[in-house]
Amino acid sequence: MTQHSPAGIVDAAAGSTPLAPSPGGGKGTTSHRWVPVVLPPLVGLLTLGLTFLYWQSAESGARAKQEQNFQVAADQIAYNLKDRMATYEVVLRGVKGYFEGSERIDRAEFQAYVGALQLRETRPGLQGVSLVMQLPASALAAHLDDMRQRGFAQYTVRPEGAREVLAPITHIEPLEGNNLKALGFDVLTLPPAKEALDRARDTGELALSGQLTLLQNSSPGLVMYMPLYGAGVDTRAVHGRRAGLAGWVSAPFLLEDVIHGMSREFDADIGFRITDDTSAGAQTLLFSNVVHQAAVQGDAPSGLQARRVLELGGRRWVLQMSPLPAFAARFQDEGHHPVALMGTVLSLLLAWFTWILATGRERAVALARDMTAELRATRDDLESTLNAIPDLLFEVGLDGCIYHYRSARSEALAVPPEMFLGRLLRDVVPPEAAAGCHAALEAAHRTGYSAGHQYRLELQGTTHWFELSIARKESATSGDEPRFIALSRDITERKQAEARTHQLAYFDALTGLPNRRMLLDRMEHALRSAQQTAQVGAVLYIDLDNFKQINDARGHTLGDTLLMQVAQRLTQQLRPGDTVARLGGDEFVVLAHNVATDMEAAGRQALLVAEEIRTALEAPYTIDTHLYSTTGSIGITLFPKRGEGVEDLLREADTAMYRAKDLGRNRIRFYEAAMQADVQERLALEQDLKKAHALGQLAAFVQSQVDASGTVVGGELLMRWDHPTRGNVPPGRFIPIAEASGLILRMGDWMIQQACETLARLQAAGRELSLSVNVSERQFRQDDFVERVRHMLAHTGAHPANLILEVTESLLIEDLDDTIARMTEIVGLGVRFSIDDFGTGYSSLAYLKRLPLYELKIDKSFVDDTPDDPSDTAIVQSIISVASHLNLRVVAEGVETRAQADFLVASQCDCLQGYLFGRPEPLAAWLGRLTSPQ
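If you number the sequence shown the way my numbering does, the last residue is 994 and the count never jumps.
And the structure:
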């Protein structure tokens, strides 16, 4: 069988004679050639232009009318609302005048005055009018007696509690129903009300409160306050107004009821919302009559919006208005649209008819010529195209029989393509591939085309992927057996590239675990599934403890090996369907699906999973015949939670993990909402701490150390932080933040510098006293720490023997040999070392023998219960005894009673330090006292 060519498809066209114009018609055609080119477009453009001008004019008029009516309606709403608030102010000013004109407010008179105003009938939404009297705490008893004598036997001021100034509601009308709940309530206990009260008092003008909960019906509402001053008070200055304040007259109201009461004054087809925009960056929604906020933020019909700002009682209200669909419907006069459409259609028909008349004969001649040329070009192009296609092209029957083939890459096949002719597809491809090919044939038979079916073949020992596209070949004679053209394309390289791209995009290159991108995708699915099935899942955020030390000390190659082993252990702990991912560095995340059906059970189950992971990570790691140890700090958060996405869950688990590290590492911690607030507070404190030194907020204090006779022999330098708004920040709060952020390095150097300068001044005054300075682990392990100490001693001239550096036992846990070497080098300068808080941490007699120490400090926790507590007494005596045998000086911290001091002196304690002998005081004052002439 020979190879077929599509050239025969167009051969017949080559023998036909194209139509040509008669010789006699050429001159006339040429002279009028411009007519079909110019006349039809000209006619069409002219008629379309007239149609467009008509439509544009009608459309602009409708829009202008709608916008004008909307702006008028918006102005009316803003004006009426402001006018209603002004009427409330008038009411309050009237009550204020009534107060100022009366020596004593009688309840019956007040009731008659307010009742005559008919507030509820004439001013819907206004809950009443009340008097709020200001009185000091000393006048509370007299006030209660007075009110009870007026007939309010059960009257009391609420809420209870001691306050310097009170502002109870003493009169309220109408005095019935829910208004009785407000009588006697101290308005100053409500922060929004207090702000308005203070503003009214200081300005002497009406003050409107922010949104608060009204006592009458526990609904959100607003209150207007007008200040009342005593007779003869000078109210021209703020201090005069504050001194002469007698109270306030107030009017609580529900804005929603106010709006409903004014509904007849508003356009019902205008949607609007009212927000309190007084505080910068914070808006409070006061009222809205629209379902969706977008309706007043740009998605309103016709795009119309209006914004009005009302300044009411010292507060800034913003009205945002937009027309509702019913408003726009009033102006929808669509009569011009059909007219414009009809004009457009007629214009096009007229242009088309003009063109038909002008181009009849020329089109017939050109069509014949173009068809002949197109057939020849198609034949040649099809031939070259088929020769260039690198894919296998087959003609097959519905049963899969191969009739023809064509290919430029026959060498890729395992057998010559001629061997395929006359055979069925199931005979030349594997059964699983043949089934897919027949399914593609059936689909092409039904729909005319099938594409995208992929199948795999083993060719010459290598796996190849092919993509099959099949199109039904239309037969010229009805009833013929259907034939199909099948195109088989080799997509092996594409499949390999897709696999590599997918691996790089969604998996970690080192461990092969899912990366952050895939984790987020799976978390999205898990979150949606949990919300739909009412199942609870968990996210576990794992960070390896001390991995950086191993990585830095042993190299990144070993660190990478350790990370791969960690990944293997985590994978082994997974349940079916769960995910473990590596986010980067030494951070891993475990996503657990369907842990339980409720939060409590899920918390217990997640804790068990986390404990299994923590235990698995604790086991030593064998790398190159050496054992290495690391642990994991784990933070847990559960989902789903209302309004939280996957990024929120990761942040919560990360925050909980860092809290686990703060608690000592190798811990498990659940996320709590307070953690985020603590993180934000720590961040703000860190930012303030960065500026504290430059602003002079940090100060050095000294607490004296005395001997057995009570003589001052030295002191301990302590850092204090006096913040302008936070006040005195405790060291226990800001020192850990300084440690974590690295600020402790600069702060620690400054404290040692202060100690050296103080020692030099003491020496100049003839006083040989010692000063102790706390040194953090991070500061101690600085590469140039020894050189810094040497420079400060040389620069100040202080005697090194009088400088004592205090370190904690935690310094001795890691790299003891390096610690001993560095301490020995510093001791070589003449400086002495002390172990602070001895006995509370890594207490070991072994390191006491090896370290070049001078002093031990007994922690306050042991001193507190001596000599009454036998256990603490025995511990203190043991520490003193051990120190005595090792020739170490002992300082007892936290000595606060004479009994403690007597016990410590009797036990041969060398030095005492505590509130009994003096509280920490500023360094300058302490130095001045010791160096001044006696």
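Ideal placement from N, C-alpha and C gives every residue a C-beta, glycine not left out.
Whether residue i touches residue j by CB criterion (7 Å)
i     : j    : result
L618  : I683 : yes
S836  : E799 : yes
F794  : W781 : yes
A641  : V649 : yes
Y1000 : E953 : Any question about residue 1000 goes unanswered here, given that the chain covers just 61 to 994.
F245  : L275 : yes
P383  : L364 : yes
D646  : L604 : yes
T561  : W525 : no
V456  : A546 : yes
F607  : T675 : no
T868  : P912 : no
L528  : H513 : yes
F963  : T926 : yes
L916  : A934 : no
N238  : N277 : yes
S548  : L452 : yes
A858  : A824 : no
A260  : P287 : yes
Residue nearest to residue i in terms of C-alpha spacing, selected from the options
i    : options                : result
L177 : L152, A122, E817, S836 : L152
L484 : H498, A504, G460, R506 : G460
L822 : W986, L452, S894       : W986
F212 : D722, R838, L235       : L235
G101 : I334, F413, G363       : It is Pro, not Gly, that sits at residue 101 in the sequence shown. Per the Cα distances, F413.
V849 : R390, Q813, G161       : Q813
G290 : H753, G300, L282       : G300
G109 : G331, L408, K241, L248 : L408
D381 : R375, A389, V369, G374 : Reading off the sequence, residue 381 comes out as Met, not Asp. Checked all of R375, A389, V369, G374; the closest Cα to M381 is V369.
G321 : R223, R210, E181, L305 : E181
L372 : P927, E455, K750, T338 : T338
L872 : I895, S198, P252       : I895
T818 : E527, R218, L983, R614 : L983
R725 : D748, S693, L755       : S693
F347 : Q271, G292, L406       : Q271
Q763 : R729, M717, A815, I804 : A815
I804 : R786, D767, A752       : A752
A197 : V225, R838, A388       : V225
H464 : A388, R543, S992       : R543
N129 : T107, I886, R390       : R390
V936 : R910, L410, L972       : L972
L204 : T230, Y173, S190       : T230
Cβ distance (whole Å) where residue i is taken to contact residue j below 8 Å
i    : j    : result
I880 : F898 : Incorrect: roughly 17 Å between the Cβ atoms, too far for contact.
L573 : A627 : 5 Å
L623 : Y688 : With a Cβ gap of about 12 Å, L623 and Y688 do not count as contacting.
W377 : I319 : No, W377 and I319 are not in contact; Cβ-Cβ is about 12 Å, not under 8 Å.
Y907 : R892 : At roughly 17 Å, the Cβ-Cβ gap does not stay under 8 Å, so Y907 and R892 are not in contact.
L968 : V923 : Here residue 968 turns out to be Gln, not Leu, going by the sequence shown. 15 Å between Cβ atoms; not a contact.
E233 : G292 : Not confirmed; about 28 Å, so no contact.
V192 : A227 : 5 Å
P860 : G890 : 3 Å
Which residues DSSP lists as bridging residue i, in chain order
i    : result
M193 : G307
C497 : Paired residue(s): none; C497 is not in a bridge.
W781 : L758, V789
D844 : DSSP output for D844 lists no bridge partner at all.
R144 : None; R144 has no bridge partner.
D550 : F526
N834 : E866
T691 : D605
F699 : G597
R506 : For R506, which the question treats as bridged, DSSP gives no partner whatsoever.
beta-carbon residue i near the ligand MN non-hydrogen atom, thresh 6 Å
i    : result
L435 : This structure simply doesn't include the ligand MN, nor any ligand for that matter.
Counting Cβ pairs closer than 8 Å, one from the segment 693 to 702 and one from the segment 586 to 596, do we hit at least three?
By the Cβ test, the segment 693 to 702 is in contact with the segment 586 to 596, since at least three Cβ pairs between them sit closer than 8 Å.
Count the CB pairs spanning the segment 669 to 677 and the segment 607 to 618 that are closer than 8 Å, and state whether there are at least three.
no
Counting Cβ pairs, one atom from each stretch, are 3 or more of them under 8 Å apart for the segment 305 to 313 and the segment 173 to 189?
yes
Mind the definition here: the segment 131 to 143 touches the segment 315 to 332 only if three or more C-beta pairs lie below 8 Å; say whether that holds.
yes
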